[in-house]
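Residue 387 is where the sequence shown ends in my numbering, and the numbering goes up by one at each step. We put the CB at the ideal spot given by N, CA and C, even for glycine. Note that the coordinates shown come from a computational prediction; the quantities given were computed from them, not determined experimentally.
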Amino acid sequence: MPSSCKEIRTPTSPPLPPSPRHCHCHPPLHTASFKQQAQELTNPHSPAPPGAALAECLQESECVMVQRHSAADCLRSPLAETLPLKCQQLKKGFGECRRGMIDMRKRFRGNQPVTFKALQDTNGEEGRGYQLYAGRSAFAGAGGRRTDGNEPEPVDWREAENERYRQQQQQQQQQQQQAAAAATEKKA
Numbered sequence: 200m201p202s203s204c205k206e207i208r209t210p211t212s213p214p215l216p217p218s219p220r221h222c223h224c225h226p227p228l229h230t231a232s233f234k235q236q237a238q239e240l241t242n243p244h245s246p247a248p249p250g251a252a253l254a255e256c257l258q259e260s261e262c263v264m265v266q267r268h269s270a271a272d273c274l275r276s277p278l279a280e281t282l283p284l285k286c287q288q289l290k291k292g293f294g295e296c297r298r299g300m301i302d303m304r305k306r307f308r309g310n311q312p313v314t315f316k317a318l319q320d321t322n323g324e325e326g327r328g329y330q331l332y333a334g335r336s337a338f339a340g341a342g343g344r345r346t347d348g349n350e351p352e353p354v355d356w357r358e359a360e361n362e363r364y365r366q367q368q369q370q371q372q373q374q375q376q377q378a379a380a381a382a383t384e385k386k387a
């Protein structure tokens, strides 16, 4: 399975120009002189077109060479299962590459391994704020609340309200009792 779009774009040998596949009367044009012409036509400094490795794999496959199907037909459902495993993997990788699904990690991080110094530089202490992908950590500035697992369970707000209500009731009862005691003392 290709691990990056670059592997899909680079064939093992130079890409061949398209040959006429619409007419079945022409013999296959895979000769040494044809490959030399293809090498002269392609500029080695220009990037290979996307899917060049897939195109080469298809041209060398039995589906195109022996059964004389077009490359587009070989990529469709009934014939795609007869392709060699390498072509099937390149086909899948090329589709993912076009959708931008290959190796998002490498896009942000590069190929350098994460070192302890890089971890320390992220948050200044033990690399707590390290984030593997792009950008800063979500909790880099806030620090976050550290827990060790032995914290008491937070009090439910309903229970806190009930406790406050009970205290208010007790205070009112005490005030009423004091008022009643003061009233009985005045009478006596």
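How should residue i be labelled, buried or exposed, when 16 other C-beta atoms within 10 angstroms of its C-beta is the threshold for buried?
i, result
"Leu282", "buried"
"Leu253", "buried"
"Lys405", "Here the chain covers residues 200 to 387 and nothing more, so residue 405 does not appear."
"Val354", "exposed"
"Ser260", "buried"
"Trp356", "exposed"
"Gln371", "exposed"
"Leu284", "exposed"
"Gly250", "buried"
For the alpha helix (DSSP H) that residue i lies in, which residues bound it at each end?
i, result
"Glu384", "Trp356 to Lys386"
"Asp347", "Premise fails: Asp347 is in no alpha helix (DSSP H) and is neither H nor E."
"Gly250", "Where Gly250 is concerned, there is no enclosing alpha helix (DSSP H), given that its DSSP letter is neither H nor E."
"Val263", "Glu261 to Met264"
Is residue i helix, strand or coil by DSSP?
i, result
"Arg298", "helix"
"Arg275", "coil"
"Glu255", "helix"
"Leu282", "coil"
Excluding the 5 residues preceding and the 5 following residue i in the sequence, name in chain order all residues of the same chain whose CB lies nearer than 7 Å to its CB.
i, result
"Leu278", "Cys262, His268 and Asp272"
To which residues of the same chain is residue i closer than 6 Å at the C-beta, ignoring the five residues directly before and after it?
i, result
"Gln374", "none"
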